[in-house]
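Just so it is clear: in the sequence shown, position 127 is 126 by numbering that gives the first Met the number 0, and no numbers are missing. Encoded as structure tokens, the structure appears first; notes follow it.
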Amino acid sequence: MSETETKAPRSRARMLELVFPKDTNYHGTAFGGWVLSLMDKAASIAAVRHAGGNVVTARMDGVDFHVPIRVGDAVALDARVVRVGRTSMTIRVDVYREHMASGEQELATTGLFVFVALDDQGRPRPVPAMAPGDTASAQPDYEARP
Numbered sequence: 000m001s002e003t004e005t006k007a008p009r010s011r012a013r014m015l016e017l018v019f020p021k022d023t024n025y026h027g028t029a030f031g032g033w034v035l036s037l038m039d040k041a042a043s044i045a046a047v048r049h050a051g052g053n054v055v056t057a058r059m060d061g062v063d064f065h066v067p068i069r070v071g072d073a074v075a076l077d078a079r080v081v082r083v084g085r086t087s088m089t090i091r092v093d094v095y096r097e098h099m100a101s102g103e104q105e106l107a108t109t110g111l112f113v114f115v116a117l118d119d120q121g122r123p124r125p126v127p128a129m130a131p132g133d134t135a136s137a138q139p140d141y142e143a144r145p
């Protein structure tokens, strides 16, 4: 690897999206389904990075919408592996609402997603353990906001 190349984090993913009118309901707030799709996408990137191959979403647990996300806000997502089983991984996704003009961020939505790693025949396959010293937890990581 050259000096200008770096590796992506193996068990984490971050994304940033803007909220447009097409992404909202008649209240001017983001559709819950749109937010869930972004969360699933961020979680799947973290899962693929950790597993080193194909994964599928097996379950969404405890998705909580704390504050509304409005047209013109930025949506910052932080997904990280918090638990690993034999063939599955639990990914915590935190969604922050950012007021673009002020830069103020607020935790808007949280959720846990379970993914299963698949082999080339589509069967569950083992996933690597979490890295030694990994301090991932199921709590928001406010210092690591995107």
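From the three backbone atoms N, C-alpha and C, an ideal C-beta is built for every residue, glycine too. Note that the structure is predicted; figures quoted are calculated from it, not measured.
Query                                                                                                                                                      : Result
So, with DSSP's three-state summary, where would you put R48?                                                                                              : helix
So A29 is in the beta strand (DSSP E); what residue range does that whole segment cover?                                                                   : It is not in any beta strand (DSSP E) - A29 carries neither H nor E in the DSSP assignment.
Going by DSSP in three states, D93 sits in which element: helix, strand or coil?                                                                           : strand
Among all the DSSP beta bridges, which residues are the ones paired with P123?                                                                             : L117
Go to F64, then tell me how far its beta strand (DSSP E) extends in each direction, as first and last residue.                                             : 54–64
Going by beta carbon distance, what residues of the same chain come within less than 6 Å of V70, once the five residues before and after it are set aside? : V18, P20, T23, G27
Under 8 Å Cβ to Cβ from A128, same chain only, skipping five residues before and after it: list those, please.                                             : V83
In three-state terms, what does DSSP make of M129?                                                                                                         : coil
Say yes only if the C-beta of E103 is nearer than 6 Å to one or more non-hydrogen atoms of the ligand ATP, and no if none qualify.                         : In terms of ligand content, the structure shown is empty, and the ligand ATP therefore cannot be addressed.
In the DSSP output, which residue or residues are listed as bridge partners for A73?                                                                       : L17, E97
Measure how close the beta-carbons of A29 and R79 come, nearest whole angstrom, since I'm counting them as under 8 Å.                                      : About 22 Å separates the two Cβ atoms, so there is no contact after all.
Does the segment 107–117 touch the segment 55–69, meaning 3 or more C-beta pairs lie closer than 8 Å?                                                      : yes
Of all the options V94, P131, I90, D63, which has the alpha carbon lying nearest to the alpha carbon of A73?                                               : V94
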